[in-house]
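Colleague: In order, the protein sequences belong to chains L and G. If you use the numbering used here, the first sequence closes out at 1428, no skipped numbers anywhere. If you use the numbering used here, the second sequence closes out at 220, no skipped numbers anywhere. Just so it is clear, CB atoms sit at the ideal spot from N, CA and C, and this is done for glycine as well.
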Amino acid sequence: MFDLKTALAFLLPWEFSPAALVLCAGSVLLYARGLALEPPQERPGIGRRMAFIGGWAAIYFVMQTRWDYFSQHMFFMHRIQHLVLHHLGPFLVAFARPLPVLERGLPSSAAERTLRPLWRNPATRFAYRLLQNWLVAPVLFVGLIFLWLTPSIHFDAMLSAPLYLAMNWSMLLDGLLFWALMLDPRTRSEGALIGLGPRVFLLLLAMLPQIVLGAYIGLVPRELFDVYAVCGRAWALGPLMDQSIGGLITWIPAAMMHVLGALVLLGRWMRADQGPSARPSALTG
Amino acid sequence: MRRGSTLLAAALAAGAALAACTDTSGWHSHSLAGLMPALAFDMTDDSGRAVSARTYRDRTVLLYFGYASCPDECPTTLARLAQALERTKDRGAGSAVLFVTVDPERDTLARLHEYAQSFGAQFVGLRGTPQQLEALTKRYRVGYSRGVPDAKGDYEVTHGTGVFVFDGTGRSRLLVLPRDSTANITADLDRLAAGIAG
Chain L
1144 MFDLKTALAF LLPWEFSPAA LVLCAGSVLL YARGLALEPP QERPGIGRRM AFIGGWAAIY
1204 FVMQTRWDYF SQHMFFMHRI QHLVLHHLGP FLVAFARPLP VLERGLPSSA AERTLRPLWR
1264 NPATRFAYRL LQNWLVAPVL FVGLIFLWLT PSIHFDAMLS APLYLAMNWS MLLDGLLFWA
1324 LMLDPRTRSE GALIGLGPRV FLLLLAMLPQ IVLGAYIGLV PRELFDVYAV CGRAWALGPL
1384 MDQSIGGLIT WIPAAMMHVL GALVLLGRWM RADQGPSARP SALTG
Chain G
23 MRRGSTLLAA ALAAGAALAA CTDTSGWHSH SLAGLMPALA FDMTDDSGRA VSARTYRDRT
83 VLLYFGYASC PDECPTTLAR LAQALERTKD RGAGSAVLFV TVDPERDTLA RLHEYAQSFG
143 AQFVGLRGTP QQLEALTKRY RVGYSRGVPD AKGDYEVTHG TGVFVFDGTG RSRLLVLPRD
203 STANITADLD RLAAGIAG
C-alpha cells in the first residue's frame, strides 16, 4: 500500500521553519565541505560520519515533517519528538566529534571575520562557561524537561505557536550544549571543561529525575495533559494509553541514552593511558 | 559554582513567574490572551454562503470542531453552549456558535443546517474544502482524524472538546473546556459582551 504521493506529503514541512532548515542543512553542508577538504588519512571513520548526518537528519525529521503535526496532537509522539531533539539527535552529533571537520569546512574568510572574534568575545565566553558549568548544565538539561512537562505550561505551549517553537528550540539547543559537554573528546588536561569521571557521575545523576518523572507520567491513573483531548488527537487512542506510552518514552529510552553516554566515557577512560582527573578541583573548573 | 547558583535561582524564579501568569485573569475558562491568533477563515455556511471572519464581526464567536453524527461529545457540548447562551443578558443575540465539521463527506450542507438549527438560531454549521479545513484547523492547532470505515460504512472520528471564543473584534479570548459549568460559561460570555479586557 505504498503511496508515493502520501509519502512525499509526509516529508513536506508541516510548519516551515527557515531556521531549522538553515541549521540542519547548513551543518551537514559544512561538514561535507570539511570532509572533502580533509586529507583522507585524517577523515573520521564511517561510523562517526553516519552519526553526524543521522543526528541532523533525525532532528530535521521530527521538526519539519508531518511528524510535527502528530507531535502537536498525540502526547507520546511529542515525547518521541523531544527524545530526538534533546537526547538522540544531539547525542549522535556530539558523538561524531565534528568540530575539526566543521572548522575545516568553514570558508576561512567567514571564520576570520565573524566566528573567531565572536568566539573570543568575553561576553560569548562568559555565557558559554556559565551554561557549561558542571552544575548549571545538568540542572538546565533536567529543568527544561520538567518545565515543559508542567501541565499548565504544557497546555499553553501546545496552544500557542510561538511558545511551541520556544519549547522545541530550547530543547534542541540545550541538548546540543549538554551532549557536547558530556561527550567532549578531550580529557580535562587537554582542555575539556569537566573531567571524564565527573562526567560519568553527572550523566547518571541527571538520569534519575527523568526516571522518576517518566515513571510518574507513565503510571499515574489520571489524565495530566488534557490539551490533547481539548484540541483533538491525531487518531483514536485513549488519553491514558497515550499518556502511559509517553511516560515510558520519557523514562526508558531517555535513561538509556544517559547509560550509553556513560559507557562511551568509561570506554574512553579505560583506553586512556592516564586515569581521569576525578579530584574535586576538577569539578569546579 | 556561585555563578551556577545565581543562574539556577534565576531559572527557578522565571519558572515560578511563568506558572503564576496562568489563571490570574479572573475568567472561569482558560484565557487565550496572547496565545492564539485572531479569528480568520474562509468557509461555506450551512445555507451555502461563502463566509469569513468578517461575516461575524461585532459578535462573540464560539468556534467548535466536530461532526453531526457524533454520538456524545458534540451534542453535549452544543447543548451546554445553547443553555449558557440562553442565560446570558442578551439571550445569545450577540453571539454566533460556529460548528465546523471535520467530517465534510457525511455532513452535507443540508444535514449541517438541520443539525445546527436544532440547537438554536445562533448556531451555524460550517463546511470547507480540504484546504480550507486544513488552514482553519492548523491556525487553531486542532487535530482530528477519520478512521477506517466498517462493513456498514461507519467510521470513527476524533476531534477536540474545546470551544474557542473570540470577541467582537475577532481577538481570541477564551478556551471553554468540558469541565466549565454552564453558569461559568454564561458569566464569561456576559463579561466578554461587556467588553472587559483580560
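1) What does glycine 1375/L reach in chain G if we use C-beta pairs closer than 7 Å?
2) Below 7 Å CB to CB, which residues in the same chain sit around leucine 1172/L once its five sequence neighbours on both sides are set aside?
3) Would a check of beta-carbon distances place leucine 286/G closer than 7 Å to chain L?
4) Select from Asn1276/L, Pro1161/L, Val1205/L, Leu1166/L the residue whose C-alpha is nearest the C-alpha of phenylalanine 1153/L.
5) Between the alpha carbons of leucine 158/G and proline 171/G, how many angstroms are there, rounded?
6) Can you pull the chain G residues whose beta carbon is under 8 Å from the beta carbon of tryptophan 1378/L, in chain order?
7) Verify the CB distance criterion: does leucine 211/G have a CB-CB separation below 7 Å to chain L?
8) Just the C-alpha distance for alanine 106/G and threonine 204/G, rounded to the nearest angstrom, thanks.
9) Just how far apart, CA to CA, sit leucine 199/G and glutamate 178/G?
10) Pull out every residue of the stretch 1199-1222 of chain L whose Cβ sits closer than 9 Å to any Cβ of chain G, in chain order.
11) Are the C-beta atoms of aspartate 1146/L and some chain G residue less than 7 Å apart?
12) Can the beta-carbon of alanine 90/G be found closer than 7 Å to that of arginine 133/G?
13) Expressed to the nearest angstrom, what Euclidean distance is found between the alpha-carbon atoms of arginine 1365/L and aspartate 94/G?
14) Just to confirm my understanding: we take alanine 101/G, look at its own chain, exclude 5 residues before and 5 after, and list those with CB closer than 8 Å. What are they?
15) Should threonine 208/G be labelled buried (16 or more other beta-carbon atoms within 10 Å of its own) or exposed?
16) Do the stretch 1247-1266 of chain L and the stretch 1224-1236 of chain L touch if we need at least three Cβ pairs shorter than 8 Å?
17) Find the residues of chain G that neighbour alanine 1152/L, judging by a C-beta separation of less than 9 Å, and give them in chain order.
18) State whether the stretch 1385-1401 of chain L contacts the stretch 1347-1357 of chain L, with contact taken as three or more CB pairs (one from each stretch) at a distance under 8 Å.
19) Just mark glutamine 153/G as buried or exposed, buried being the case when its beta carbon has 16 or more other beta carbons within 10 Å.
20) Just mark glycine 48/G as buried or exposed, buried being the case when its beta carbon has 16 or more other beta carbons within 10 Å.
21) What does the alpha-carbon distance come out to for the pair lysine 1148/L and proline 1156/L?
22) Going by beta carbon distance, what residues of the same chain come within less than 7 Å of isoleucine 1196/L, once the five residues before and after it are set aside?
23) Report the three-state DSSP secondary structure of arginine 128/G (helix, strand or coil).
24) Going by the beta-carbon positions, is the gap between glutamine 144/G and valine 119/G smaller than 7 Å?
25) For valine 1435/L and tryptophan 1378/L, I'd like the C-alpha separation in whole angstroms.
26) Would you kindly report the start and end of the unbroken alpha helix (DSSP H) that includes arginine 1414/L?
27) Which word fits leucine 1290/L, buried or exposed, when buried means at least 16 other C-beta atoms lie within 10 angstroms of its C-beta?
28) In angstroms with no decimal places, state the Cα-to-Cα distance between leucine 1274/L and isoleucine 1388/L.
29) Less than 7 Å between the C-beta atoms of alanine 72/G and glycine 192/G, yes or no?
30) For aspartate 80/G, count neighbouring C-beta atoms within 10 Å of its own C-beta (all shown protein chains included) and say buried if the count is 16 or more, exposed if not.
31) Report the rounded CA-to-CA distance for alanine 1150/L versus arginine 1331/L, giving the unit in angstroms.
32) With the cut-off set at 7 Å, would you say glycine 1198/L and glycine 1248/L are in Cβ contact?
33) Please name the residue in Arg1191/L, Arg1376/L, His1401/L whose C-alpha comes closest to that of glycine 169/G.
34) Alpha carbon to alpha carbon, what distance is there between proline 1341/L and proline 1423/L?
35) Please compile the residues from chain L whose C-beta is within a distance smaller than 8 Å of the C-beta of leucine 199/G.
36) Looking only at its own chain, which residues have a Cβ that is under 7 Å from the Cβ of alanine 1194/L, when we skip the five neighbours before and after it?
Modeller: In brief:
1) Chain G residues near glycine 1375/L: Phe87, Val164, Gly165, Tyr166, Thr180, His181, Gly182.
2) There are no such residues.
3) For residue 286/G there is no data in the structure shown, the boundaries of chain G being 23 and 220.
4) If we check each option's Cα against that of phenylalanine 1153/L, Val1205/L comes out closest.
5) Inter-residue distance for leucine 158/G and proline 171/G is about 25 Å (C-alpha atoms, whole angstroms).
6) Proximity of chain G to tryptophan 1378/L at the Cβ level (cut-off 8 Å) is accounted for by Ser167, Gly169, Thr180, in chain order.
7) It does not: the Cβ of leucine 211/G has no partner Cβ on chain L nearer than 7 Å.
8) Their backbone Cα atoms lie some 5 Å apart in a straight line.
9) Take the alpha-carbon of leucine 199/G and the one of glutamate 178/G: they are about 22 Å apart.
10) Result list: Tyr1212, Phe1213, Gln1215, His1216, Met1217.
11) Cβ-Cβ to chain G under 7 Å: no for aspartate 1146/L.
12) It is a contact, given that the beta carbons lie within the stated cut-off.
13) C-alpha of arginine 1365/L to C-alpha of aspartate 94/G: approximately 21 Å in a straight line.
14) Around alanine 101/G: Phe141.
15) Threonine 208/G should be labelled buried.
16) With the rule of 3 Cβ pairs closer than 8 Å, the stretch 1247-1266 of chain L does not count as touching the stretch 1224-1236 of chain L.
17) Near alanine 1152/L there are no residues of chain G at all, since even the closest Cβ is about 11 Å away, more than 9 Å.
18) The stretch 1385-1401 of chain L makes contact with the stretch 1347-1357 of chain L; the number of CB pairs closer than 8 Å reaches 3 or more.
19) Counting C-beta atoms within 10 angstroms of its own C-beta, glutamine 153/G has fewer than 16 neighbours from the protein chains shown and is therefore classed as exposed.
20) It counts as exposed.
21) If I take the Cα positions, the gap works out to 14 Å.
22) Excluding five sequence positions before and after isoleucine 1196/L, the CB atoms of its chain that fall closer than 7 Å to its own CB belong to Val1171, given in chain order.
23) Three-state result, arginine 128/G: coil.
24) Yes, Cβ-Cβ distance for glutamine 144/G and valine 119/G is below 7 Å.
25) The question about residue 1435/L has no answer, for chain L in this structure spans 1144 to 1428.
26) Element bounds for arginine 1414/L: 1382-1414.
27) With 16 or more other Cβ atoms within 10 Å, it is buried.
28) So the alpha carbons of these two residues sit roughly 32 Å apart.
29) Against a cut-off of 7 Å, the Cβ pair of glycine 192/G and alanine 72/G comes out as no contact.
30) Answer is exposed; the Cβ neighbour count stays below 16.
31) Straight-line measurement puts the Cα of arginine 1331/L at about 47 Å from the Cα of alanine 1150/L.
32) Not in contact: glycine 1198/L and glycine 1248/L (Cβ atoms no closer than 7 Å).
33) Measuring C-alpha to C-alpha distances from glycine 169/G to each of Arg1191/L, Arg1376/L, His1401/L identifies Arg1376/L as the nearest.
34) Its pLDDT being 45, under 50, proline 1423/L is placed unreliably by the model, and the measurement read from it follows with that caveat. A straight line joining the alpha-carbon of proline 1423/L with that of proline 1341/L spans about 9 Å.
35) For leucine 199/G, the chain L residues whose Cβ falls inside 8 Å of its Cβ are Asp1369, Val1373, in order along the chain.
36) Cβ neighbours of alanine 1194/L beyond the five flanking positions: Leu1235, Phe1238, Ala1239.
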